[in-house]
Structure formats: C-alpha cells, structure tokens
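Novice: Numbering (numbering that gives the first Met the number 0), first residue to last: 0 to 84.
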Amino acid sequence: MIKMDEINGSSKLKKMKKRTCVAIADADYCVIAADTRMSTGYNILTRDYSKIIKLADKCVLASSGFQADVRALQKVLAARHLVRC
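#1: With DSSP as the reference, label A24 as helix, strand or coil.
#2: Between the alpha carbons of L60 and Q73, how many angstroms are there, rounded?
#3: Can you tell me where the beta strand (DSSP E) with K53 in it begins and where it stops?
#4: Within the continuous alpha helix (DSSP H) that includes D68, where are the two ends?
#5: When the Cα atoms are used, what is the spatial distance from C29 to I23?
#6: Which residue's Cα is closest to the Cα of A32: A26, I43, C20, L76?
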C-alpha cells in the first residue's frame, strides 16, 4: 500500500507515470504519436512497446499511464465491442 506521505515526495506513483502520447487533428487529417519506451523508475523494461492500438478502420487508441490499467481498458473495450468509431 502506498502511504500519503509517499505521494507528495518521490513516490512509487511518480516512477510509474512516464509515458507520452500526443495527437493533432484538423478537418483533413489526424496525426497521433507516442513514445515506445516502457520503464519503471530508472529501469527501462523495453524500448519497443507501442502505446497506440488500432480499434477499427478509422479509430485508434493512444494511451499513456500505468501499463496494467491501459491493458485492462483495451480488454474491456474488446470484450464489450465498443470499438465502433
């Protein structure tokens, strides 16, 4: 369990939140980019982990944050067939 005093300082949560996704859109286009590194603290677990997945022909999900939560969201969307865009 994470204590409240850890949240304000150098907490375990800070170490798990170092991911980046960005999207830019206009009437004719959309550009989505994300880094491919998965790390915890100073340890790089892999440099080849995509944070962008294709849900449908014209729909993608770019996600950042705690990897287990992201994977759970992807599974829920697939299970409920809510991937219609």
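The beta carbon of each residue, even a glycine, is placed where N, CA and C say it ideally should be. The structure displayed is predicted, hence computed values, not measured ones.
Specialist: With the given structure in hand:
#1: strand
#2: 9 Å
#3: 51 to 55
#4: 66 to 79
#5: 6 Å
#6: C20
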